[in-house]
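Chains as they are written, first to last, in the numbering used here: chain A, 292 to 570; chain B, 292 to 570; chain C, 292 to 570; chain D, 292 to 570; chain E, 292 to 570; chain F, 292 to 570.
Structure record follows, encoded as structure tokens.
Protein chains: 6
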Amino acid sequence: MKYELANNLFRRKHANRNRFFVSKKKTHQFLQDILEILYPHFNQNFIQSEDDLYIYLNKTELLLIQILHDFMPHEEAKQIAVTFFSNLEFVRDQLDLDAEAIFVGDPAATSIDEVILCYPGFFAMCIYRIANIFYKAQVKTLPRIFSEYAHEVTGIDIHPGAQIGERICIDHGTGIVIGETSIIGKNVKIYQGVTLGALSLDKCDQNTKRHPTIEDNCVIYSNATILGGKTIIGENSIVGGNVWLTKSIPKNSIVYHKSDIKMDIIKPDSEPEELFYEI
Amino acid sequence: MKYELANNLFRRKHANRNRFFVSKKKTHQFLQDILEILYPHFNQNFIQSEDDLYIYLNKTELLLIQILHDFMPHEEAKQIAVTFFSNLEFVRDQLDLDAEAIFVGDPAATSIDEVILCYPGFFAMCIYRIANIFYKAQVKTLPRIFSEYAHEVTGIDIHPGAQIGERICIDHGTGIVIGETSIIGKNVKIYQGVTLGALSLDKCDQNTKRHPTIEDNCVIYSNATILGGKTIIGENSIVGGNVWLTKSIPKNSIVYHKSDIKMDIIKPDSEPEELFYEI
Amino acid sequence: MKYELANNLFRRKHANRNRFFVSKKKTHQFLQDILEILYPHFNQNFIQSEDDLYIYLNKTELLLIQILHDFMPHEEAKQIAVTFFSNLEFVRDQLDLDAEAIFVGDPAATSIDEVILCYPGFFAMCIYRIANIFYKAQVKTLPRIFSEYAHEVTGIDIHPGAQIGERICIDHGTGIVIGETSIIGKNVKIYQGVTLGALSLDKCDQNTKRHPTIEDNCVIYSNATILGGKTIIGENSIVGGNVWLTKSIPKNSIVYHKSDIKMDIIKPDSEPEELFYEI
Amino acid sequence: MKYELANNLFRRKHANRNRFFVSKKKTHQFLQDILEILYPHFNQNFIQSEDDLYIYLNKTELLLIQILHDFMPHEEAKQIAVTFFSNLEFVRDQLDLDAEAIFVGDPAATSIDEVILCYPGFFAMCIYRIANIFYKAQVKTLPRIFSEYAHEVTGIDIHPGAQIGERICIDHGTGIVIGETSIIGKNVKIYQGVTLGALSLDKCDQNTKRHPTIEDNCVIYSNATILGGKTIIGENSIVGGNVWLTKSIPKNSIVYHKSDIKMDIIKPDSEPEELFYEI
Amino acid sequence: MKYELANNLFRRKHANRNRFFVSKKKTHQFLQDILEILYPHFNQNFIQSEDDLYIYLNKTELLLIQILHDFMPHEEAKQIAVTFFSNLEFVRDQLDLDAEAIFVGDPAATSIDEVILCYPGFFAMCIYRIANIFYKAQVKTLPRIFSEYAHEVTGIDIHPGAQIGERICIDHGTGIVIGETSIIGKNVKIYQGVTLGALSLDKCDQNTKRHPTIEDNCVIYSNATILGGKTIIGENSIVGGNVWLTKSIPKNSIVYHKSDIKMDIIKPDSEPEELFYEI
Amino acid sequence: MKYELANNLFRRKHANRNRFFVSKKKTHQFLQDILEILYPHFNQNFIQSEDDLYIYLNKTELLLIQILHDFMPHEEAKQIAVTFFSNLEFVRDQLDLDAEAIFVGDPAATSIDEVILCYPGFFAMCIYRIANIFYKAQVKTLPRIFSEYAHEVTGIDIHPGAQIGERICIDHGTGIVIGETSIIGKNVKIYQGVTLGALSLDKCDQNTKRHPTIEDNCVIYSNATILGGKTIIGENSIVGGNVWLTKSIPKNSIVYHKSDIKMDIIKPDSEPEELFYEI
């Protein structure tokens with residue numbers, strides 16, 4: 292190993308930075324701590340009493356300040372931490388409603404405990420509701436580290452800037468993408484693979500609303516793609532699987548896509564070339 | 292930090308629960324232990340002899356009893372553990388066949404070792420076959436924690452209640468969802484993004500068969516969606532990519548979906564508004 | 292627990308192997324070490340000076356030799372390690388360009404730091420560019436363990452054998468599959484769910500080019516499927532979402548798929564049976 | 292680093308041994324586990340109920356079998372483990388009496404809790420009473436690893452073969468050495484630096500009694516040295532500090548050593564050469 | 292393993308206690324944290340700036356509160372913690388003087404850094420000066436856990452209640468015992484094995500001064516024993532090795548003990564029986 | 292917690308130092324690594340072959356360079372590391388002889404394995420022989436950190452500068468102190484509490500020989516104190532327990548100290564005031 296390599300890599304590594312980044316592990320630790328504070332299902336340490344929890348809360352606040360300090364001066368970090376913890380009971384309120392919505396919405400769920408323990412949709416909502424508080428407090432980058440953590444664990448990618456109402460039901464959720472300026476009402480159910488995206492036309496201005504609005508009580512089936520900041524899915528509507536929508540639909544609508552399917556009996560030596568593939 | 296916050300959160304956290312949940316880490320540890328017991332590729336400790344393995348098996352049994360004890364009385368937990376370990380050789384038999392099926396089914400695979408080490412499909416089948424034993428023993432919630440672990444790691448979501456035959460070939464698998472009452476025969480190959488789901492009509496009764504049946508030797512290409520408890524894909528059939536199926540098809544069928552695609556040459560200032568988007 | 296079980300499992304576990312496999316944890320550790328060596332954003336240890344980095348590089352080289360030694364004799368492992376580290380600055384060059392491409396390509400990105408910290412697409416490219424060096428050095432299996440690690444974390448599956456040019460922009464990326472013999476030019480943008488696969492016809496010969504070629508400056512929208520070793524997407528082309536392509540298209544083309552969508556107003560008792568489902 | 296060095300060292304390292312030794316850490320872990328099982332003061336894990344303790348006992352038994360297996364066949368190890376655990380309540384009985392004796396014997400002790408938490412003498416008795424069971428079961432070497440652990444932590448070296456009665460009071464204890472064939476009655480108090488050793492004359496036969504006997508209710512003050520297998524300190528006797536004894540003394544004796552001390556007033560330039568030193 | 296054993300042990304273990312004790316590991320962690328806060332030589336984490344140290348101080352304060360909470364109500368614990376930290380700069384002042392005294396007092400010491408890094412006497416003084424603050428704040432048991440930690444590491448046993456002046460020089464120190472009501476002046480040097488103890492006569496009343504007073508500028512050579520609450524070693528005095536003192540001596544005294552030694556030439560078959568021994 | 296405290300402590304902490312010290316844990320790790328490299332009894336990792344050991348040696352060399360780098364420039368550190376490892380086989384030779392000497396010298400030892408696993412004297416010799424190489428290479432401070440580690444674990448304090456011959460037998464060893472310029476021949480046996488120190492007269496010049504010389508085949512019984520750089524214990528001599536020697540003795544001498552002991556029968560109300568004490 293030539294010493295020169297270390298020299299070059301070190302120079303480049305620290306070209307634009309004097310400080311070290313907080314390790315990602317610490318940000319993940321923070322999220323796990325908050326979950327443990329909120330629900331006994333995420334138990335890792337042993338919090339036996341109000342006093343224990345009080346000390347644990349203080350510890351977690353210190354960890355948060357340490358993390359935030361990477362992105363802002365110390366005093367500001369303390370202020371943000373205070374804001375966050377003053378919102379924590381509200382987060383718990385919201386998450387209780389989400390858990391209930393998932394439990395009601397999925398016939399396979401056998402208990403609220405199962406929802407909290409096993410549902411990636413619930414986990415993703417936990418992280419989203421935490422990240423959203425930091426987004427609203429105008430913290431840069433950190434809420435995105437949080438949402439990317441949820442993405443890693445669940446395959447669900449909810450931008451912390453999205454505005455999402457109460458009682459959201461996401462079940463498997465793999466592949467869901469919800470963009471930064473999306474607005475989602477109450478009682479909405481979203482299946483896996485759904486994209487709420489921006490049309491390229493909108494992209495010139497980062498500050499306009501670029502992603503769609505989903506009003507109350509809608510259901511969006513799997514792999515539906517809904518695009519555009521002016522696109523509004525009216526309340527009580529249903530969007531079918533694989534639908535591609537770039538226009539608004541009125542309330543109480545149902546939109547679906549009936550695909551054209553052909554069926555043959557397999558004969559030797561007759562495989563249609565373009566259908567069968569390997570990866 | 293106000294003490295009142297700790298007080299409120301503690302009260303709510305333990306509102307419905309006197310006990311602590313076993314940490315998820317322990318359930319994941321159990322799965323990793325079983326994999327290490329089965330294959331040298333999941334080596335984490337150093338098991339050098341039959342005696343070492345015997346002790347390691349006993350340790351893992353204790354861990355399992357500890358985990359199960361969260362959900363049932365101690366004696367029952369011990370009984371379930373005995374049942375599980377008496378099935379462990381059978382699990383190994385099944386997984387050997389799955390590994391072979393993947394190796395044969397994927398031209399890119401260079402050895403069985405590579406399949407065991409690198410294929411998410413194999414990992415998902417490992418966890419499914421373990422979880423399924425607990426499901427059949429009527430353990431609640433835990434098998435779902437197991438299947439959700441596989442989902443996290445691989446993006447493949449196989450409900451532990453599904454009945455799946457021998458020699459299943461899943462390769463990349465991201466986005467696969469296989470519902471609780473699905474029945475899958477032998478020698479079936481399933482590509483990424485495939486959903487075996489329930490029609491809403493079926494949902495009234497949680498105990499009926501709500502998910503489809505795939506008979507022996509079928510191939511289901513990527514992103515195909517097959518729905519309904521009465522839907523049967525007859526043996527030796529092929530379901531093409533993106534196909535949406537809610538009816539049975541006879542054996543030896545081939546079903547596909549030829550999409551209607553348009554092509555233009557790009558001209559300045561002519562981008563079709565609804566096609567291009569950002570997220 | 293019967294001793295006989297340990298005996299049987301041990302015998303089967305080591306039936307074909309005398310040695311132990313390097314634990315996956317070590318291979319993941321190696322990847323994390325390399326990332327920490329390259330960018331301060333992946334900070335886990337405390338590397339304060341060129342000297343620290345030099346020692347850290349040497350440690351990482353030893354870890355690599357230990358890992359490689361599972362697959363080849365010791366001397367050969369040392370040679371491969373030398374090759375790898377001599378390519379490390381080149382990897383850093385390439386990744387800087389990728390980060391820049393993502394930053395430019397995504398209006399939501401607020402800084403290069405955010406891209407490096409949060410974008411799964413960037414992470415997947417890091418692992419791909421590392422794995423590709425080992426693939427080119429004809430190391431078996433290991434590059435696949437690496438790519439599977441990226442798959443686990445990001446849901447993006449890039450085969451280490453793919454040939455990928457500079458300035459690749461992948462953002463969310465969940466579900467992307469890029470096959471072994473794919474060739475991708477410069478400045479290409481790929482959305483989530485895209486598959487670059489092989490037609491079954493090609494599979495007879497593992498050594499032929501089985502996956503498509505994407506030329507410079509193309510954009511491939513989400514869930515597009517492009518198949519076949521002879522399929523070439525000409526430069527500057529755009530492939531729309533959900534498009535299924537098995538033929539080449541000339542440069543400057545735009546291909547899209549306008550789906551046929553129906554809309555109704557929801558009426559009581561009128562749900563179309565095949566549209567709504569549960570999983 | 293020359294490869295030859297590794298070669299030579301490896302060859303020598305394993306010249307006489309095919310197997311690996313159990314790590315000392317495991318033997319220390321076992322001792323800590325037993326202490327945690329016996330007293331809540333050694334709390335490291337969280338044992339919340341009889342069920343938890345039952346599982347923890349089983350785990351500790353497995354660890355013990357694994358450790359013993361280094362020194363004997365598997366079946367024998369299991370038998371010894373059964374013996375040990377059947378003696379565990381007796382050990383607790385004995386230790387309760389020891390703690391009480393220390394509490395009564397030291398005016399500075401404020402509670403039994405303080406004795407258990409802070410007194411090296413109590414810790415040394417814990418390890419001795421555990422090690423003694425294995426010694427009596429004729430396990431080789433392991434009891435000595437245990438006693439050496441106590442020696443490391445406390446500076447007190449009690450050979451596991453010593454026969455020691457109830458209610459032993461050892462306080463600071465640094466430097467105490469109690470030989471293999473020592474016999475100590477009940478209610479004995481031993482200060483720091485005391486040696487119960489063997490005369491060289493006795494050493495020819497390893498199986499004879501080589502170390503002294505201390506009868507009930509004796510007090511041995513600091514740095515006293517008592518030697519010889521036939522030396523008996525009669526009951527209720529007191530041995531003063533720094534006394535060197537190689538003969539028996541009758542019961543109710545008091546033996547002391549009044550040293551000859553000189554005192555001067557320091558004058559300039561008059562330091563007695565042999566008195567003052569540095570190390 | 293019989294379940295009954297777990298039952299009995301659990302019942303006895305928790306007979307007198309409802310709560311769990313804080314683990315000793317946490318108390319040791321606290322001491323290590325304080326040392327790291329005071330001197331860079333005890334570096335374990337990476338404290339890079341005043342801000343980092345501020346957060347680290349807060350963390351350590353929380354740990355302290357958690358530990359104290361085992362022994363007192365929460366509010367009181369917080370108050371003690373405030374007191375402790377307000378004394379921390381004073382502790383640093385004192386320790387700087389101790390380090391200097393050791394450096395000056397030991398010709399073998401090559402730098403203050405070496406003293407801080409390697410001298411058990413310095414380590415023991417660190418822990419004593421920390422423990423003494425808690426003793427003065429009337430915390431029970433905890434200061435003794437602290438002093439016992441120093442005893443474990445160094446073999447030096449200084450009761451937290453002793454009153455010890457500035458610039459104390461302890462070097463090797465193994466076996467030193469300094470009792471609870473000892474008073475030691477400034478500039479005192481104490482060699483290994485020295486005991487400052489209580490005469491049995493004094494023990495009736497735990498609250499009287501039972502241990503000796505050592506005035507300024509004294510030197511106490513190794514294994515000297517000084518006993519009694521009324522015993523005063525006048526300033527500038529020297530106490531020789533192995534001296535046993537139970538009376539006061541005036542200032543500027545020198546006390547020593549010239550032992551009576553015999554020398555022979557070894558002849559075959561003539562070993563004096565009582566001299567040679569084995570342990 | 293006032294921020295000012297952090298500020299003051301940080302300023303003082305780093306007043307004289309720009310860099311961080313290597314953590315003591317790393318130096319202890321290095322010693323444990325070397326012991327594991329030398330003997331299978333110190334097994335912590337799993338070194339299965341010459342290749343494994345080769346990699347492990349390289350890792351340990353890197354750790355050593357990292358540690359040394361705290362005290363010297365990088366190039367010099369590398370040079371010292373090379374020197375150390377070229378002496379490693381010699382260290383093993385020496386330690387084998389020491390183990391044998393202890394085995395032969397202690398009738399209680401049942402095997403060489405027991406000596407290596409359990410004897411503090413052997414452990415102390417291991418660390419001394421390692422530290423001595425660094426001392427001879429003129430490394431400052433580090434060898435003293437090493438010897439202090441042995442002191443912590445065993446209570447035996449051998450200065451790394453001492454010159455010690457082959458086949459040294461130390462058994463319990465608690466309290467042994469061997470000064471920097473001591474010279475010890477071959478086949479010497481040293482009991483616990485022995486001091487080889489310097490007379491104060493010698494201290495003016497740090498570079499003169501200040502500590503005694505013990506020639507071949509001597510035995511030094513417990514708590515003997517031998518002082519002075521010109522003091523020579525001639526070969527084959529025996530120094531009895533508690534002897535205080537500041538003059539040379541010829542070869543084949545035997546020196547002992549017969550203490551004057553008084554014995555009474557205990558009578559009520561007659562305790563001699565100065566004899567009985569508490570601590």
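We put the beta carbon where it would ideally sit given N, CA and C, even for glycine.
The structure displayed is predicted, hence computed values, not measured ones.
Candidates the options, of which the one nearest residue i by Cα
i, options, result
"F375 of chain E", "E:P411, E:F413, E:P434", "E:P434"
"V530 of chain E", "E:N508, E:G520, E:G412, E:K521", "E:N508"
"D555 of chain C", "A:Y547, A:K553, A:I552", "A:Y547"
"Q339 of chain D", "B:E341, B:K480, B:D361, B:G476", "B:D361"
"L359 of chain A", "A:D448, A:K500, A:I436, A:C460", "A:I436"
"T318 of chain A", "A:L329, A:L355, A:N478, A:N423", "A:L355"
"D342 of chain F", "C:D342, C:T465, C:H365, C:S539", "C:H365"
Cut-off 8 Å between Cβ atoms - residues of its own chain near residue i, not counting five sequence neighbours on either side
i, result
"I557 of chain C", "none"
"D335 of chain A", "Residue identity differs from the one stated: residue 335 of chain A is Gln in this sequence, not Asp. Hits under 8 Å: Q323, E327."
Same chain, Cβ closer than 6 Å to residue i, five either side skipped, listed in chain order
i, result
"N543 of chain D", "N527"
"L518 of chain F", "G488, L490, T537"
Residue i: contacting residues in chain C (beta-carbon distance under 8 Å)
i, result
"R435 of chain A", "E405, L408, C409"
Where residue i meets chain D, residues with beta-carbon distance less than 9 Å
i, result
"E439 of chain F", "Those within 9 Å of E439 of chain F in chain D number zero; the least Cβ separation is about 14 Å."
Within chain A, the residues that residue i reaches when beta carbons sit closer than 7 Å
i, result
"H360 of chain E", "D342"
Contacts of residue i in chain A (Cβ-Cβ under 8 Å)
i, result
"H365 of chain E", "D342, Y345"
"D389 of chain C", "Going along chain A, no residue has its Cβ under 8 Å from D389 of chain C, so there is no contact; the nearest lies around 15 Å."
Under 8 Å from the C-beta of residue i: neighbouring residues of chain B
i, result
"R383 of chain A", "L300, R303"
Own chain, CB closer than 7 Å to residue i, minus 5 neighbours either side, in chain order
i, result
"F414 of chain D", "A441, V444, T445"
"L300 of chain B", "none"
"K369 of chain D", "I356"
If you measure beta-carbon to beta-carbon, which residues of the segment 324-357 of chain C are closer than 7 Å to chain F?
D342, I346, N349, K350, L353, I356, Q357
Given 8 Å, three or more beta-carbon pairs between the segment 401-421 of chain E and the segment 374-393 of chain D
Counting Cβ pairs under 8 Å, fewer than three are found: no touch.
Please name the residues in the segment 444-467 of chain F whose beta-carbon is closer than 8 Å to at least one beta-carbon of chain E, in chain order.
G446, D448, H450, D462, H463, T465, G466
Measuring CB atoms only, is the segment 434-443 of chain A touching the segment 468-476 of chain B, in the sense that at least three cross pairs come out at less than 8 Å?
no
Would you call the segment 293-305 of chain C in contact with the segment 313-322 of chain B, where contact means no fewer than 3 C-beta pairs closer than 8 Å?
no
Taking a cut of 8 Å between CB atoms, which residues from the segment 517-530 of chain D lie near chain F?
Residues of the segment 517-530 of chain D with a C-beta less than 8 Å from any C-beta of chain F: N527, S528, I529, listed in chain order.
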